[in-house]
Amino acid sequence: ASGEARTLLLEAQAKLSELELEFAAERARFETQLAEAHASASAAQAKARDTERRVSMTEDQVRAEVEVQEELKATLEARAAAEFEAKRQREETEALAAQR
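Spelled out as structure tokens, the structure:
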């Protein structure tokens, strides 16, 4: 009976060792998957920050372009007004000269 009990004890210890190895392997797989998930999440966050930066940069570029276009429009309007005023003064001067 003692031999049989010893055999059962050895079998139980062997089974326990096998289960501990399986548990360690499963834990290692889980930790690997968890690390991969963290790495993937970090990459996604980095990509999101980069996209956000690009959108912000694009918004700034659009704003700057609008300002340039507004300045150009104002310059062209001022030039047209100056040319119109110069033409009006020239015509007025010519009209006065013609009256003399």
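In the numbering used here, each residue carries its 1-based index in the sequence shown increased by 125. Even glycine gets a Cβ: it sits at the ideal position worked out from N, Cα and C. Predicted, not measured: the structure shown is a model, and the values here were computed from it.
- Rounded to whole angstroms, the separation of the alpha carbons of Ala169 and Ala205 is 53 angstroms.
- In this structure, the CA atom of Ser181 is about 52 angstroms from the CA atom of Leu146.
- For Ala126, no alpha helix (DSSP H) run applies, since DSSP gives it neither H nor E.
- Our two residues, Ala130 and Lys140, have alpha carbons roughly 15 angstroms apart in a direct line.
- Assigned with DSSP and collapsed to three states, Arg131 falls in helix.
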